[in-house]
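Colleague:
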Amino acid sequence: MPCRCNPNDTMTLRALTAALALAGASLPAAAITVDGRIDPAEWAGARHVTEFVQVQPMTGGPGSLRTEAWILATPQGLAVAFRNHQPAGLPRSTQRTRRDQMGQLDRVNLMVDFDGDGRTGYDFVVALPGGIADEVITSERNFNDDWDGHWHHATTQDAEGWSVEILVPWHVAPMARPQDGTRTLGIYLDRVVAHTGERIAWPNASFMRPRFLSEFARVEVPHYDQALLAVTPYVVGLNDNVAGSSDFDAGADLFWKPSGQFQLSATINPDFGQVESDDLVVNFGAVETFFGDKRPFFTENQGLFDVPFGAGNSRLLYTRRIGGNADDGSGAGDVAAAVKLNGSLGQVRYGLLAASEKGEAGRDFFALRATRDFGAHDLGTMLTHVERPWLEREASVASVDHLWTPDGSWTLRNQAVASKSTTAGLRRNDLGLQSRIDWLMGDGWRQQLYLLHLGDELELNDIGYLDRNNFNYARYELARREDAPAEGSRYASYETRWAVSNRTSASGLHIANAAAVQRYAELRDGGDEFWDVAMWSAGNDDRITRGNGVVRVPEKLYAFWERSRPQRGAWSLEGMVRVAAEGLEGASKPGLELYFEPTLHLGEALAIEFGLGLEHEPDWLLWRGGNRLGSFRADTATANASLQWQLGSRQELRVKLETIALDARLTQAWEVGPGGRPVPVAAPADVTDFSLANLGFQVRWRYELAPLSDLYVVYSRGGLAEDGVSRSLADLLGDATSLRDAEQVLVKLSYRFAN
Numbered sequence: 030m031p032c033r034c035n036p037n038d039t040m041t042l043r044a045l046t047a048a049l050a051l052a053g054a055s056l057p058a059a060a061i062t063v064d065g066r067i068d069p070a071e072w073a074g075a076r077h078v079t080e081f082v083q084v085q086p087m088t089g090g091p092g093s094l095r096t097e098a099w100i101l102a103t104p105q106g107l108a109v110a111f112r113n114h115q116p117a118g119l120p121r122s123t124q125r126t127r128r129d130q131m132g133q134l135d136r137v138n139l140m141v142d143f144d145g146d147g148r149t150g151y152d153f154v155v156a157l158p159g160g161i162a163d164e165v166i167t168s169e170r171n172f173n174d175d176w177d178g179h180w181h182h183a184t185t186q187d188a189e190g191w192s193v194e195i196l197v198p199w200h201v202a203p204m205a206r207p208q209d210g211t212r213t214l215g216i217y218l219d220r221v222v223a224h225t226g227e228r229i230a231w232p233n234a235s236f237m238r239p240r241f242l243s244e245f246a247r248v249e250v251p252h253y254d255q256a257l258l259a260v261t262p263y264v265v266g267l268n269d270n271v272a273g274s275s276d277f278d279a280g281a282d283l284f285w286k287p288s289g290q291f292q293l294s295a296t297i298n299p300d301f302g303q304v305e306s307d308d309l310v311v312n313f314g315a316v317e318t319f320f321g322d323k324r325p326f327f328t329e330n331q332g333l334f335d336v337p338f339g340a341g342n343s344r345l346l347y348t349r350r351i352g353g354n355a356d357d358g359s360g361a362g363d364v365a366a367a368v369k370l371n372g373s374l375g376q377v378r379y380g381l382l383a384a385s386e387k388g389e390a391g392r393d394f395f396a397l398r399a400t401r402d403f404g405a406h407d408l409g410t411m412l413t414h415v416e417r418p419w420l421e422r423e424a425s426v427a428s429v430d431h432l433w434t435p436d437g438s439w440t441l442r443n444q445a446v447a448s449k450s451t452t453a454g455l456r457r458n459d460l461g462l463q464s465r466i467d468w469l470m471g472d473g474w475r476q477q478l479y480l481l482h483l484g485d486e487l488e489l490n491d492i493g494y495l496d497r498n499n500f501n502y503a504r505y506e507l508a509r510r511e512d513a514p515a516e517g518s519r520y521a522s523y524e525t526r527w528a529v530s531n532r533t534s535a536s537g538l539h540i541a542n543a544a545a546v547q548r549y550a551e552l553r554d555g556g557d558e559f560w561d562v563a564m565w566s567a568g569n570d571d572r573i574t575r576g577n578g579v580v581r582v583p584e585k586l587y588a589f590w591e592r593s594r595p596q597r598g599a600w601s602l603e604g605m606v607r608v609a610a611e612g613l614e615g616a617s618k619p620g621l622e623l624y625f626e627p628t629l630h631l632g633e634a635l636a637i638e639f640g641l642g643l644e645h646e647p648d649w650l651l652w653r654g655g656n657r658l659g660s661f662r663a664d665t666a667t668a669n670a671s672l673q674w675q676l677g678s679r680q681e682l683r684v685k686l687e688t689i690a691l692d693a694r695l696t697q698a699w700e701v702g703p704g705g706r707p708v709p710v711a712a713p714a715d716v717t718d719f720s721l722a723n724l725g726f727q728v729r730w731r732y733e734l735a736p737l738s739d740l741y742v743v744y745s746r747g748g749l750a751e752d753g754v755s756r757s758l759a760d761l762l763g764d765a766t767s768l769r770d771a772e773q774v775l776v777k778l779s780y781r782f783a784n
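Following our numbering, the numbering of the sequence shown begins with 30 at its first residue and continues without gaps.
If you want it as structure tokens, here you go:
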């Protein structure tokens, strides 16, 4: 991005610092003009931060490039400026990207915990070319980029480096009222150097450690209240070329924030992200696919409700349930309205969510969350309730979570969850418990113990996401981080983890023991590398038959390697290799998966990404109904391509193509016999070879009318074809391009009216 200031007027670091000091910290702050030029008069009285250290690699020593920042609380919001020294001899990334798509770019992060209690943080990211991302941080180091906030930013650059100015309005997040007229913020600042992969930060904290959000620097600032009233109506017109029909829809979102202590979000006939597209997934497993949520109503002030429970993506509130598949099987539920309250009463933070769907099969959803910080102890509770009249079902969940941080080394998290449901008069109740203990031992070593119990009848999926119940899980992990590899090593830093685990059902059925070794490494070329090797013992699979019997299974073997390299010249690269033996033949018949994804950067505004994946599974075990299983010799090919073109600062064009081809040839049919032993049988008529082809294609043009106000024109097409015979992958991929189960043209206009 070209410099927006006159090079002859560029101030040196020494002159700028002296001018700020002479301005006097006692004078009232001038209004900040967010233009990327760090004007001494505007930043008079700001806190000047120069103590940046290197956290990636995690040496804690001075960064290789000088970095400065200024922090200033103003009535308009929290203002932060960065001055990033970067000589002309060190390449700078200039690729412009769409929102929330960062990659390996020169960028800065401003992370703010507005209450300073380590509960919820907000990450505001600005890249050198002007691209942005924003995320919500919960559970110390879980980042979620579904949220899009309204904040201000600008960048400039010159021969000696580049500068960033950020202004975050106070109404961007709910926050408790301070008692003495001042507010204590938790703040973390960092910059990423794209060419080397270094991260230089203040304070010395890292999301690679178990505790991150609670390690932010505490900064005391004057308290300001800022009100917001924003209404975002939208209209959508859709033409279905397959059905030969057209449709029109309209609705509105309302955000009212009279103060930081009370915030109301409401929606009528809400916008449910018609312009967003999920990645193609072919899932034959017993666990449903988890998808993120970009719908504006559900991403605004949602961090308080983000309560994980269980492994992986499991959580108490999964907003994709609201407006998800209707109980009568008629398609997506039609949401009539929803409301959300966030606020604080004294030291208690609370949130309330309610949503209602239309029609006889419509459901009603409710969630209540409250938290209280007691210093070393942090206590939270959550209640959810769902009414599903079509199924004659009501379901409730209650949770209590506790965080204890007795010192800088120990972190203990405990949570208890109870569920209660009634379906057609049949009641079911059960409990779930989890405990996670982290110990930072020093000298790069750490340990973690994780214990999980999920009762046989624990049910969260009416409004939450739980990949399974009836489960006991114990895992111990020992890890060591090395931030000073030997001279000449290709690694800048790495962390190696050793883990052992045990899995049983809640009734004591042995599922498997497992051992794993993995390493995550940052490389000196700015890229990263990850590998993982794991072995599961022989045991039992109690999920594959969907409740029709337990299957005895042999040992399993996994090996995974992934590598990324940032842009060098016109290309950036990613790739992975996976070897897995998961069928009834055990480790003697491993499968192989390869994926390669190069990206071609044509100037600063245009990038074309290609992806090709091939997978061969000689022993793929699938459920075929009842107590029947099939072992298949399967081949899968994926071919993806996308184009991202930033047409100036307000327009973007995205073209996205995804295809999947799968060919599976039956090698043996099975029935589950006594004791769970698979018994080979002659193949029934409906257990045969099969193949499928899947297509997803979208062309999306977006024009930004104003912040959080957009005009979209979208063309999308897709389809799925399944066949009961084996076919070549080349034929299937060729057929995929002609699929046309759905073909739509959509025009959407949304405009945010705000004070």
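Backbone N, C-alpha and C define an ideal beta-carbon position, used for all residues, glycine too.
(1) The beta strand (DSSP E) that contains L758, what's its start and end?
(2) Is DSSP giving V304 helix, strand or coil here?
(3) Just to confirm the assignment: which complete beta strand (DSSP E) runs, minimum length 3, are found wholly within the region 201-232?
(4) Return the bridge partner residues of S671 from the DSSP annotation.
(5) Assign Q463 to one of two classes, buried (16 or more other C-beta atoms within 10 Å of its C-beta) or exposed (fewer than that).
(6) Measuring alpha carbon to alpha carbon, tell me which of S757, L721 and Q727 ends up nearest E751.
(7) Relative to the alpha-carbon of R398, which residue among V415, G147 and Q331 has its alpha-carbon at the smallest distance?
(8) Pick helix, strand or coil for F111, following the three-state DSSP scheme.
(9) When you compare only the Cα positions, how much space is there between D459 and N499?
(10) For the alpha helix (DSSP H) containing F326, list its first residue and its last residue.
(11) At what residues does the beta strand (DSSP E) containing P69 begin and finish?
(12) Going by DSSP, what residue range makes up the beta strand (DSSP E) through N569?
(13) Check P287 in the structure and name its three-state DSSP category.
(14) At what residue ranges does the region 429-476 contain a whole run of the beta strand (DSSP E), taking only runs of 3 or more?
(15) With a cut-off of 8 Å on the beta carbons, I'd call E584 and A545 a contact; round off their distance for me.
(16) With contact counted as at least three CB pairs below 8 Å, one residue from each stretch, are the region 729-747 and the region 608-625 in contact?
(17) Could you work out which residue in V368, T296 and S534 is closest to V579 when comparing CA atoms only?
(18) Should I221 go down as buried or exposed, given a rule of 16 or more other Cβ atoms within 10 Å for buried?
(19) Closer than 7 Å by C-beta to A58: which residues in its own chain qualify, once you throw out the five before and the five after it? Chain order, please.
(20) Would you call the CB atoms of V364 and K387 closer than 9 Å?
(21) Apart from the five residues just before and just after Y494, which ones in its own chain have a Cβ nearer than 7 Å to its Cβ?
(22) Which first and last residues belong to the beta strand (DSSP E) in which L382 is found?
(23) How would you write the range of the beta strand (DSSP E) that D739 sits in, first residue to last?
(24) Which one or two residues does DSSP pair with V165 in a beta bridge?
(25) Identify whether F334 lies in helix, strand or coil by the three-state DSSP scheme.
(26) Please go through the same chain and pick out, in chain order, the residues whose beta-carbon is closer than 7 Å to the beta-carbon of T88, but skip the five residues on each side of it.
(27) So the candidates are T440, W468 and L489; which of them puts its Cα closest to the Cα of T413?
(28) In whole angstroms, give me the CA-to-CA distance for G642 and D308.
(29) Tell me which same chain residues have a C-beta within less than 6 Å of the C-beta of R731, skipping the five on either side of it?
(30) Exposed or buried, H406, counting other C-beta atoms within 10 Å across all chains shown (16 or more means buried)?
(31) Taking just the CA atoms, how far does V78 sit from D471?
(32) If you draw a straight line from the C-alpha of G461 to the C-alpha of R497, how long is it?
(33) When we look at the beta-carbon of Q208 and count the other beta-carbons within 10 Å, is it buried (16 or more) or exposed?
(34) Under 8 Å, with one C-beta from each stretch per pair, do the region 169-180 and the region 208-217 reach the 3-pair mark?
(35) Nearest CA to the CA of P703: which residue from F726, R746 and N656?
(36) Would you check if the region 664-682 and the region 599-612 touch, i.e. whether three or more CB-CB distances between them fall below 8 Å?
Modeller: In brief:
(1) Here residue 758 refers to the residue found at position 729 of the sequence shown. Where L758 is concerned, there is no enclosing beta strand (DSSP E), although the alpha helix (DSSP H) it sits in stretches over L758 to A765.
(2) Within the sequence shown, the letter at position 275 stands for residue 304. When DSSP states are grouped into helix, strand and coil, V304 belongs to the coil group.
(3) Within the region 201-232, the complete beta strand (DSSP E) segments at least 3 residues long are 211-222 and 227-231, listed from N- to C-terminus.
(4) The residue given as residue 671 occupies position 642 in the sequence shown. Paired residues: E638 and K685.
(5) Counting from 1 along the sequence shown, the entry for residue 463 is found at position 434. Answer is buried; the Cβ neighbour count reaches 16.
(6) Here residue 751 corresponds to residue number 722 of the sequence shown, with the count starting at 1. Of the candidates S757, L721 and Q727, the residue whose Cα lies closest to the Cα of E751 is L721.
(7) Locating residue 398 in the sequence shown gives position 369, counting from the first residue. The shortest Cα separation from R398 among V415, G147 and Q331 belongs to Q331.
(8) Here residue 111 corresponds to residue number 82 of the sequence shown, with the count starting at 1. Strand.
(9) Mapped onto the sequence shown, residue 459 falls at position 430. Mapped onto the sequence shown, residue 499 falls at position 470. CA-CA distance, D459 to N499, rounds to 10 Å.
(10) Locating residue 326 in the sequence shown gives position 297, where the first residue counts as 1. Here the alpha helix (DSSP H) through F326 covers P325 to T328.
(11) The residue given as residue 69 occupies position 40 in the sequence shown. Annotation: P69 is outside any beta strand (DSSP E) and is labelled neither H nor E by DSSP.
(12) As a working note, residue 569 is residue 540 in the sequence shown. For N569, the uninterrupted beta strand (DSSP E) segment begins and ends at G568 to D570.
(13) Position 258 of the sequence shown, counted from the start, is the residue given in the question as residue 287. Strand at P287.
(14) Whole beta strand (DSSP E) segments, 3+ residues: 439-452 and 455-471.
(15) As a first step, residue 584 is located in the sequence shown; it is residue number 555 there, counting from the start. As a first step, residue 545 is located in the sequence shown; it is residue number 516 there, counting from the start. With 8 Å as the limit, E584 and A545 do not qualify as a contact, their Cβ atoms being about 14 Å apart.
(16) The region 729-747 makes no contact with the region 608-625; the number of CB pairs closer than 8 Å stays below 3.
(17) Within the sequence shown, residue 579 is the residue found at index 550, counting from 1. Checking every option, the nearest Cα to that of V579 belongs to S534.
(18) Within the sequence shown, residue 221 is the residue found at index 192, counting from 1. Before going on, a small fix: residue 221 reads as Val here, not Ile. Burial call: buried.
(19) Sequence index remark: in the sequence shown, residue 58 carries index 29 (1-based). Because A58 sits at a pLDDT of 48, beneath the cut-off of 50, its placement in the model cannot be relied upon, and the following sentence gives the value as read from the coordinates. Only A73, G74, L101 and T103 meet the Cβ criterion.
(20) Along the sequence shown, read from residue 1 onward, the residue named residue 364 stands at position 335. Along the sequence shown, read from residue 1 onward, the residue named residue 387 stands at position 358. Cβ distance < 9 Å, so V364 and K387 count as in contact.
(21) Here residue 494 refers to the residue found at position 465 of the sequence shown. F319, N342, S343, R344 and Y347, listed in sequence order.
(22) As a first step, residue 382 is located in the sequence shown; it is residue number 353 there, counting from the start. In this chain, the beta strand (DSSP E) harbouring L382 covers V377 to E386.
(23) The sequence position of residue 739 within the sequence shown is 710, counting from 1. Segment S738 to D752, the beta strand (DSSP E) holding D739.
(24) Locating residue 165 in the sequence shown gives position 136, where the first residue counts as 1. Y151 and N173.
(25) In the sequence shown, residue 334 corresponds to position 305, counting from 1. Shown here, F334 sits in a helix according to DSSP, grouped into three states.
(26) Along the sequence shown, read from residue 1 onward, the residue named residue 88 stands at position 59. If we look at T88 and ignore the five residues flanking it on each side, its Cβ neighbours are D512 and A513.
(27) Taking the sequence shown and counting its residues from 1, one reaches residue 413 at position 384. Among T440, W468 and L489, the Cα nearest to that of T413 belongs to L489.
(28) Position 613 of the sequence shown holds residue 642. Position 279 of the sequence shown holds residue 308. Looking at the backbone, the Cα of G642 and that of D308 are separated by about 15 Å.
(29) On the sequence shown, residue 731 is found 702 positions in, with the first residue counted as 1. Answer for R731: E681, D739 and Y741, listed in chain order.
(30) Sequence index remark: in the sequence shown, residue 406 carries index 377 (1-based). Exposed is the call here.
(31) Residue mapping note: residue 471 aligns to position 442 of the sequence shown, counting from 1. Residue mapping note: residue 78 aligns to position 49 of the sequence shown, counting from 1. For the sequence presented, residue 471 should be read as Gly rather than Asp. Between G471 and V78, the alpha-carbon positions lie close to 27 Å from each other.
(32) For this step, residue 461 is matched to residue 432 along the sequence shown. For this step, residue 497 is matched to residue 468 along the sequence shown. Each residue's Cα considered, the two are about 12 Å apart.
(33) Mapped onto the sequence shown, residue 208 falls at position 179. By the 10 Å Cβ count, Q208 comes out exposed.
(34) With a cut-off of 8 Å, the region 208-217 and the region 169-180 do not count as touching, because too few Cβ pairs lie within range.
(35) Translated into the one-based positions of the sequence shown, residue 703 becomes position 674. Measuring from the Cα of P703, the nearest candidate turns out to be N656.
(36) Contact between the region 599-612 and the region 664-682 is not established, with fewer than three Cβ pairs separated by less than 8 Å.
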